[in-house]
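Structure record follows, encoded as structure tokens.
There are 2 protein chains.
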Amino acid sequence: MIADKMVSLVKNSSAIRAMFEEGKILAAKYGAENVYDFSLGNPNVPAPVQVKEAIIEELNKEDPVVLHGYMNNSGYEDVRDAIAQSINKKFDTAFTEKNIIMTVGAAGGLNVILKTLLNPGDEVIAIAPYFGEYNSYVSNYDGKIVVVSPNTVDFQPNLEEMEQKITAKTKAVIINSPNNPTGVVYSEATIMKMADMLRAKQKEFGTDIYLISDEPYRELAYDGVEVPYLTKYYENAIIGYSFSKSLSLPGERIGYLVISNEVADFEDVLAAANVATRILGYVNAPSLMQKAVAKCLDAQADVPYYDRNRETLYSGLKEMGFECIKPEGAFYLFMKSPIADEKEFCQAAKKHNILIVPGSSFACPGYVRIAYCVSYETIVNSMPGFKALAEEFLG
Amino acid sequence: MIADKMVSLVKNSSAIRAMFEEGKILAAKYGAENVYDFSLGNPNVPAPVQVKEAIIEELNKEDPVVLHGYMNNSGYEDVRDAIAQSINKKFDTAFTEKNIIMTVGAAGGLNVILKTLLNPGDEVIAIAPYFGEYNSYVSNYDGKIVVVSPNTVDFQPNLEEMEQKITAKTKAVIINSPNNPTGVVYSEATIMKMADMLRAKQKEFGTDIYLISDEPYRELAYDGVEVPYLTKYYENAIIGYSFSKSLSLPGERIGYLVISNEVADFEDVLAAANVATRILGYVNAPSLMQKAVAKCLDAQADVPYYDRNRETLYSGLKEMGFECIKPEGAFYLFMKSPIADEKEFCQAAKKHNILIVPGSSFACPGYVRIAYCVSYETIVNSMPGFKALAEEFLG
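Each protein sequence line maps, in turn, to chains A and B. If you're matching positions, the first sequence starts at 610 in the working numbering and goes up one per residue. If you're matching positions, the second sequence starts at 610 in the working numbering and goes up one per residue.
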């Protein structure tokens, strides 16, 4: 009696849930410290202390009727202004509070902008490998996801194939850099080429193609790599940001959309996104957390911690003979499965109490995702297990 | 270039936004204290002090990785358990954490359950007058809202008409008691009759009809009136609760769904609601606020404050000759417009700096909604304006 659409979603979802359950069973059997759970993108470093201080300061200072009350569905004006100024300072842009819509995390922001833009049958391009939830977000509004196949050389987007897949029905492109699951940062050269191509396609079809940039990992970039700010390269760019990873607040559901003045039908998009926020049932991003993050725009979670994990994991796996690309950002490492069926490899890893996610979940079979937002000890202690897998599969 | 569905929504929304803007202009012109804004259901009494204490206690005690982290999409097990126990104590039910799904307010909960249940074209019954946002929530999932016309005698649901409007396509009925906009509480007799009728209709059509109870105002009931707990009267009842009004936390977006074991296809509904929470982009209800409300289940906002407003407003308006039903709950008073076109009456009220909402917004023209979640002074000081309106329109 549940909705038809939900039946298959529940079935697929059960597979992932089964993995969690298995992890719990393993932990109960062998002790949590002997299970190496690399399956989840849940930050293991705590929120910076400024977050706690900001929350307490707000509780002590602000009128509770304001602090916990309704505001404009797009968020508190002072919070949005602080965010606009912070972006301007970092990226030399010229946003105002008008350009910012506070959202229930990046997932909420993506849903708001897709609800705003999509008519049934509209096409949305996703570049494999990509976060599988995009399928559901696009399907929520009866859009059709069109997948660009992975470029397994360096995991930069396959722009030639992308160009071929853009049609008159293409309403949006979703990109995610630093990328989940590869950790790759799309280079400035990539972004410039993509922007030129999209502009040409807009002209060819007489359409607007919105480039939606999903950026929960923007602040997690290593070795000084630059993450291009999309609105500087393409007029129809919309940014979806989240504080989930930068401030280790994934459960708080706090993020924002940036809709620049140059976006086609700017005023309409802005008004519709405001309404979408309300009618999707979010109503507004959580109020206290809006005020708190506005005070922590220069704070950051312990990125060096992830960096050490990254170096240790990457060099360890390379040394054992595994093939993988060095992540430049996020907290994921994408490793080539030594056998074609990566699900079988994930099963084999489980025998060593190592939990990793098949690349199929990201439209990129033959690879596995290792989320290294875990304790350093987990990385170190998992090495013998990986070593055994190397011996078993790489000979 | 925005979605077709959004165009009309933006247009309609602009009318309400225009009212807020008008209120701001009036406040700037005459001083905020001389503008009587009864348009919004935004609690004016502060959250009870326990909320602040609970938040600070959690911040001091709990590991931030847990406190701000991801949990099961349905919410923290300990929070859900505390809520289940609290409901059991109050209503003599037998829920466990399994029956509770934490949601981004009641609006989030309604969207989750409608996403869970509705196939395109499925019908959802709403009983006028009702909260206009239900139209959008049902339309989000391509459902069709079917309106039962208002019973303006006592604003209990018109069960005869409801019975006629139930078809084989009726998937759900949404009720809201204490009611927005009337303040009426649906009596136990009403609920029992409705439950019997729905059971008969289920049998007639061989279908399941879910009764969704939207209960943000449950705790705001006056004169000791009982608000029946729906799961005790009807097997296929699902409760959507919010702490927005009971704890004055509307901006925090925190509430829950209760899905009882007796609901048809219980396990499927539960699993689908969990998935819907994730894919709609909520992911989970805000984490810190989950922990906080779990400690405040016996706390309450200052209901006697609303009660004094209610008495003063009601007796004042009655004395002037206005026709209205005495609210038993919530913080709304539904008054008959002295002229058929209540929008014209709302315009006339504006001349006295009184902002009220036309009943048309609730599918009940000829009436106006007065939200009395305002300061007592606002009530008292608005009386001369209402008096002038009485003289102008009632002679």
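Using N, Cα and C, we set each Cβ at its ideal position, and we do this for glycine too.
The straight-line gap separating the alpha-carbon atoms of Pro825 of chain A and Glu1000 of chain B is approximately 59 Å. Leu879 of chain A and Ser869 of chain A have their alpha carbons spaced roughly 9 Å apart. Note on geometry: alpha-carbon atoms of Leu922 of chain A and Tyr981 of chain A lie some 8 Å from one another. In the structure shown, the three-state DSSP call for Asp701 of chain B is coil.
Between Gly632 of chain A and Ser648 of chain A, the C-beta gap is smaller than 8 Å, which places the two residues in contact. Relative to the Cα of Glu742 of chain A, the nearest Cα in the group A:Ala716, A:Val902, A:Val721 belongs to A:Ala716. Every beta strand (DSSP E) stretch that sits fully inside the segment 648-720 of chain A and reaches 3 residues is listed by chain position as 709-712. Counted as a single uninterrupted DSSP element, the stretch harbouring Lys960 of chain B is not any beta strand (DSSP E), since DSSP gives it neither H nor E.
Our two residues, Ser683 of chain B and Lys707 of chain B, have alpha carbons roughly 9 Å apart in a direct line. A distance of 8 Å or more separates the beta carbons of Thr702 of chain A and Leu866 of chain A. Taking C-beta atoms as the reference points, Leu858 of chain A and Val884 of chain B fail to come closer than 8 Å.
Nearest to Asp805 of chain A by C-alpha distance, out of A:Pro790, A:Pro655, A:Ser946, A:Leu839, is A:Leu839.
For the segment 856-881 of chain A, residues whose beta-carbon sits nearer than 7 Å to a beta-carbon of chain B comprise Ser857, Leu858, Pro859, Gly860, Glu861, Arg862, Ala873, Asp874, Asp877, Val878, Ala880, Ala881. In the same chain as Pro787 of chain A, and ignoring 5 residues on each side of it, the C-beta atoms closer than 8 Å to its own belong to Val793, Val794, Tyr826, Arg827, Leu829, Ala830, Val836, Pro936, Glu937, Gly938, Ala939, in chain order.
Short of 6 Å from the beta carbon of Tyr685 of chain B, and not among the five residues preceding or following it, lie these beta carbons of its own chain, in chain order: Gln899.
Fewer than three Cβ pairs drawn from the segment 659-677 of chain A and the segment 974-993 of chain A lie within less than 8 Å of each other, which leaves the two stretches out of contact. When rounded, the separation of the alpha-carbon atoms in Lys614 of chain B and Asp731 of chain B is 18 Å.
Looking only at A:Ala882, A:Leu897, A:Asn845, the smallest Cα-Cα distance to Arg862 of chain A is reached by A:Leu897.
Within the same chain, and ignoring the five residues on either side of Asn720 of chain A in sequence, the residues whose Cβ sits closer than 7 Å to its Cβ are Tyr746, Asn749, Leu889.
Put simply, the CB of Glu824 of chain B is far from chain A, with every gap to its CB atoms at 8 Å or more.
In this structure, Ile734 of chain A sits away from Gly849 of chain A, with a CB-CB distance that is not shorter than 8 Å.
Around the Cβ of Tyr639 of chain B, a 10 Å sphere holds fewer than 16 other Cβ atoms; the residue is exposed.
Within the model, the alpha-carbon separation for His961 of chain B versus Ala663 of chain B is close to 43 Å.
At a cut-off of 8 Å between beta-carbon atoms, Gly717 of chain B makes contact with chain A. By the rule that beta-carbons nearer than 8 Å mark a contact, Ala612 of chain A touches chain B.
Between the alpha carbons of Lys661 of chain B and Leu668 of chain A lies a gap of roughly 7 Å. Counting along the chain, Lys778 of chain B sits inside no beta strand (DSSP E), nor does DSSP assign it H or E at all. If you check the CB distance, Thr725 of chain A and Ala881 of chain A come in under 8 Å. Between the C-alpha atoms of Thr886 of chain B and Gly714 of chain B there is a straight-line separation of about 12 Å. Rounded to the nearest whole angstrom, the CA to CA distance from Val983 of chain B to Asp646 of chain B is 8 Å. If you draw a 10 Å sphere on the C-beta of Met801 of chain B, you find fewer than 16 other C-beta atoms in it, and that means exposed. Identification of chain A residues near Val619 of chain B by a Cβ-Cβ cut-off of 9 Å yields Asp877, Ala880, Ala881, Asn883, Val884, ordered along the chain. Residue environment for Asn651 of chain A: buried (at least 16 other C-beta atoms within 10 angstroms of its C-beta). Under the 8 Å criterion on CB atoms, Thr725 of chain B is classed as interfacial with respect to chain A.
Runs of the beta strand (DSSP E) lying entirely within the segment 853-899 of chain A, each at least 3 residues long, are 864-868 in chain order. The C-beta of Val892 of chain A comes closer than 8 Å to at least one C-beta of chain B.
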